[in-house]
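Asker: Here you go, one structure.
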Amino acid sequence: MYAKCGSLTEAQMTFDRLPDKNVVSWTALITGYAKQGEGHLAIECFYKMQQQNLKANELTFSIILNVCGSIEDLYLGRKIHEHIVGNNGFECNIGIGNALIDMYAKCSSLEEACIVFNKLPSKDVISWGSMIAGFAQHDEGLYALQFFESMQCWLKPNKIIFLSILKACGTIGALDQGRRIHEKILESKLRLDIIVGNALIDMYANCGSMNEACGVFNSMSDRDMISWGAMVAGYAQLGLLDSAVVYYEGMQCCGIKPDNLTFTAILTACSHVGLVDEGWWYFTVSKNCIGIIPNESHYNCMIDLLSHAACLKEAEEQATLQPN
RNA sequence: ACAACUAUUGUCU
């Protein structure tokens, strides 16, 4: 209970006072640490538990695998995998299998994720979803699309599958495929909520079709920071600073304060077009008026902008110096 | 019996 409420100190204290600690109490504590992003503490608990000669169960393993994925510790993930194969009959368990797929995908080893996937005797929507998301996140949109197609011989895609596949279409600029998936979403009785809407905007924006992104944006009844941010980013990518700024200011008119990510997109737009003065202006104004504290990405953008501009100047000089 | 896990939407690198 304490672990779930995010009070880990109390969870730990209660745990320490328990006269008999069993797998359930250890797993509850490990889950608490994992959920709070304290991956290393979760792993430490996992080792301590084993020192007590307590055998981890399916749940303990899936949580630890999840931790391996989030801290991208492929080495430990493989060790746990071997341990599971060697000591328990869990390798055919779908929950463990899915956790393994996700772990390998998050650790960028899609080959190993694939091996686990192929070995799974029965695959559910989460098994497919973990693969598709893994491909989408590693710029392997074509594989994601292939898996998406094959999956439909067996299962109906759910909302999460659609979100992943839209992402995949965006990363490879597959506009036609994206449109077809948009239609499929409309055909399915899935509610076109803010998250699906945002994913559609993002897909169209990444495919460079701001008209369609705009269409989705306008059709939405509710919009959040991500909806606006995706529009800003879309125009920014194309170097259309003016349009990006329309949405950047639009969101502020709607009472949504741009965050660091939105602001980075604006600076990117300036950098793509080489607008040094505008970049500086937004950098200064946002710092002073909106209260955005520049972070590393912002400085990176500014460095990009300035070096890009310097190159252009040099290039211009070169061009004028050239005899013809 | 008690813990119940795992895939998902915006920026730069």
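For the first sequence, the numbering used here gives the first residue as 241, with consecutive numbering after it. Yeah, the Cβ is synthetic: ideal placement off N, Cα and C, and Gly gets one too.
Contact between the region 507-515 and the region 464-477: three or more CB pairs below 8 Å?
Answerer: yes
Asker: Suppose you measure from the CA of lysine 319 to the CA of isoleucine 543; what does that come to, to the nearest Å?
Answerer: 42 Å
Asker: Counting only runs of 4+ residues fully inside the region 300-373, write out the alpha helix (DSSP H) ranges in chain order.
Answerer: 314-327, 334-346 and 350-359
Asker: For methionine 460, name the three-state secondary structure that DSSP assigns.
Answerer: Correct three-state label for methionine 460: coil.
Asker: Could you compute how far the alpha carbon of serine 459 sits from the alpha carbon of leucine 403?
Answerer: 18 Å
Asker: Kindly indicate the opening and closing residues of the alpha helix (DSSP H) around serine 467.
Answerer: Where serine 467 is concerned, the enclosing alpha helix (DSSP H) stretches over 465-477.
Asker: Less than 8 Å between the CB atoms is what I'm expecting for alanine 505 and valine 456, so what's the real figure, rounded?
Answerer: That pair is no contact at about 18 Å.
Asker: What is the DSSP secondary structure of glutamine 290, counted as helix, strand or coil?
Answerer: Glutamine 290 carries a helical assignment under DSSP once its states are collapsed to helix, strand and coil.
Asker: Report the three-state DSSP secondary structure of aspartate 482 (helix, strand or coil).
Answerer: helix
Asker: Taking 7 Å as the cut-off, decide whether the C-beta atoms of threonine 300 and threonine 267 are in contact.
Answerer: yes
Asker: Just tell me which of Lys261, Leu269, Ile311 and Ile283 has its CA closest to the CA of glutamine 292.
Answerer: For glutamine 292, the nearest C-alpha among the options comes from Lys261.
Asker: Can you tell me where the alpha helix (DSSP H) holding arginine 431 begins and where it ends?
Answerer: Unbroken run through arginine 431: none, as it is neither H nor E.
Asker: Among Phe503, Gly335 and Glu312, whose alpha-carbon lies nearest the alpha-carbon of serine 537?
Answerer: Phe503
Asker: How would you call leucine 481, buried or exposed, if buried means at least 16 neighbouring beta carbons within 10 angstroms?
Answerer: buried
Asker: By alpha-carbon positions, which one of Glu452, Asn446 and Lys359 ends up nearest to aspartate 379?
Answerer: If we check each option's Cα against that of aspartate 379, Asn446 comes out closest.
Asker: In terms of alpha-carbon separation, which member of Asn297, Ile372 and Ala439 lies closest to asparagine 333?
Answerer: Asn297
Asker: Suppose you measure from the CA of tyrosine 539 to the CA of tyrosine 488; what does that come to, to the nearest Å?
Answerer: 19 Å
Asker: Could you tell me the distance, in whole angstroms, from the CA atom of tyrosine 522 to the CA atom of serine 265?
Answerer: 52 Å
Asker: By how many angstroms is the C-alpha of cysteine 393 removed from the C-alpha of glutamine 276?
Answerer: Near 38 Å, if we compare the C-alpha coordinates of cysteine 393 and glutamine 276.
Asker: Considering only C-alpha positions, which residue in the set Met391, Glu312, Ser449 and Trp368 is nearest to glycine 335?
Answerer: Trp368
Asker: If we require 4 or more residues per run, which alpha helix (DSSP H) segments fall completely within the region 385-428?
Answerer: Runs found: 399-412 and 415-427.
Asker: Under the rule that 16 or more other beta-carbon atoms within 10 Å means buried, what is alanine 470, buried or exposed?
Answerer: buried
Asker: If I'm right that leucine 385 touches alanine 408 with Cβ under 8 Å, what's the distance once you round it to whole angstroms?
Answerer: 6 Å
Asker: Where does serine 449 sit, in a helix, a strand or coil, going by DSSP?
Answerer: coil
Asker: With C-beta atoms as the reference, is glycine 326 less than 7 Å away from cysteine 347?
Answerer: No, the Cβ-Cβ distance between glycine 326 and cysteine 347 is not below 7 Å.
Asker: Alpha carbon to alpha carbon, what distance is there between isoleucine 466 and asparagine 500?
Answerer: 12 Å
Asker: Should serine 370 go down as buried or exposed, given a rule of 16 or more other Cβ atoms within 10 Å for buried?
Answerer: buried
Asker: Out of Val485, Asn535 and Leu545, which has the shortest C-alpha to C-alpha gap to tryptophan 520?
Answerer: Leu545
Asker: Quick one: measure Cβ to Cβ for glycine 381 and alanine 345, integer angstroms, because I've assumed they're closer than 8 Å.
Answerer: With a Cβ gap of about 14 Å, glycine 381 and alanine 345 do not count as contacting.
Asker: I'd like to know whether the C-beta atoms of glycine 279 and serine 310 end up nearer to each other than 7 Å.
Answerer: yes
Asker: Are asparagine 398 and valine 365 close, meaning C-beta to C-beta below 7 Å?
Answerer: Yes; because the gap between Cβ atoms is below 7 Å, this pair is in contact.
Asker: From isoleucine 355 to glutamate 250, what distance separates their C-alpha atoms?
Answerer: 41 Å
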